[in-house]
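Numbering (the UniProt record's numbering), first residue to last: 1 to 289. Every residue, glycine too, gets a C-beta built ideally from N, C-alpha and C.
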């Protein structure tokens, strides 16, 4: 299983927190029919994207990218000590898997210069903070945390109506510690890191592109959760706030990177999670590298 990739002048490390069964395929993808699932069952199981009970298998991970100038962590996973009663595998977790994975990749929490979140869902912000003496503090004390302004504003408004636990325990403490920056879609870090707006899953969802002068790598976040969605880009998941917009965004993203040398680093595809987008008829596949 590959945890490290090099492209251009980037080195990309995967830090896996969990790789596990998640939600039944037919429930997760409301547009999926039993017939289409049956047609794709064999290769999905072989790719470890589907278990014997037709439950989707997902990877939950961060990417740590070393550019010539910075060390950037993308999407901070699930986190420890977080009350997540709806998700037993995430609820009040206390394991050391994530921090051990970070260390195995050669990084300490002090090494991270920037934390970027593709969006602010529970499994993409968890390690933004950790519990210290009963308080949530930034896990990466020297990092600037960059949040897309549109995404932040959306959840800030939701949280004002009724508490959104991941926002309250994994985003607001970073704001209180004055470690955050709200950025527009034109924001760049040096000459290597750019934002690509990819709305649909959430209102302000972004992909993150990296490389000097060209997209050597793109981090797609929750633009797609399963390799099935490259073959059927119109299939949106039940957690997408705007399923039609998500489907349009997904197809346009796949078209953009199809048959290029850009490494597509997905958030949730089964290991190795990283591939190149290839055309397949009127659809696509993500060919593992």
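Spatial neighbours of residue i in its chain, beta-carbon cut-off 6 Å, leaving aside the 5 residues before and after
i	result
residue 190	69
residue 148	204, 206
residue 177	138
residue 142	110
residue 174	128, 138, 145, 180
Range covered by the alpha helix (DSSP H) that runs through residue i
i	result
residue 98	97-104
residue 254	243-257
residue 154	149-161
residue 167	165-170
residue 230	228-231
Local Cβ density within 10 Å of residue i, reported as buried at 16 or more and exposed below that
i	result
residue 28	buried
residue 162	exposed
residue 82	buried
residue 240	buried
residue 281	exposed
residue 304	There is no way to answer for residue 304, as the model of the chain reaches only from 1 to 289.
residue 133	exposed
residue 44	buried
residue 184	exposed
residue 157	exposed
residue 353	As displayed, the chain neither begins before 1 nor continues past 289, which places residue 353 out of reach and without an answer.
residue 96	exposed
Strand pairing of residue i, partner residues [DSSP]
i	result
residue 217	210, 263
residue 131	136
residue 142	BP columns for residue 142 are empty, so no partner.
residue 189	193
Neighbourhood of residue i by C-beta distance below 8 Å, restricted to the same chain and skipping five residues each side
i	result
residue 288	272, 274, 275
residue 247	200, 233, 234, 235, 236
Residue closest to residue i, alpha-carbon to alpha-carbon, out of the options
i	options	result
residue 171	215, 124, 217, 286	124
residue 251	44, 277, 263, 268	277
residue 107	122, 284, 253, 63	63
residue 9	87, 213, 134, 224	213
residue 77	18, 24, 104	18
residue 22	254, 105, 55	55
residue 284	268, 257, 265	257
residue 266	101, 75, 85, 142	75
residue 88	270, 33, 20	20
residue 146	157, 229, 119	119
residue 7	255, 263, 270, 49	263
residue 30	79, 249, 243	243
residue 58	211, 226, 38	226
residue 286	80, 53, 230, 153	230
residue 220	192, 228, 253	253
residue 197	122, 218, 112	218
residue 66	192, 47, 259	192
residue 104	4, 259, 215, 270	4
Where the beta strand (DSSP E) containing residue i begins and where it ends
i	result
residue 33	First-last for residue 33: undefined, no H or E at that position.
residue 22	10-24
residue 278	274-280
residue 283	283-288
residue 72	71-74
residue 181	180-183
residue 62	55-66
residue 271	That residue, residue 271, is in no beta strand (DSSP E); it is neither H nor E in DSSP.
Sequence-distant residues of the same chain with beta carbon closer than 7 Å to residue i, five excluded per side
i	result
residue 98	15, 17, 77, 127
residue 150	203, 204
residue 194	188, 209
residue 91	83, 84, 85
residue 116	72, 74, 146, 208
Within-9 Å CB hit, residue i to chain C
i	result
residue 65	Here there is only one protein chain, and chain C is not present.
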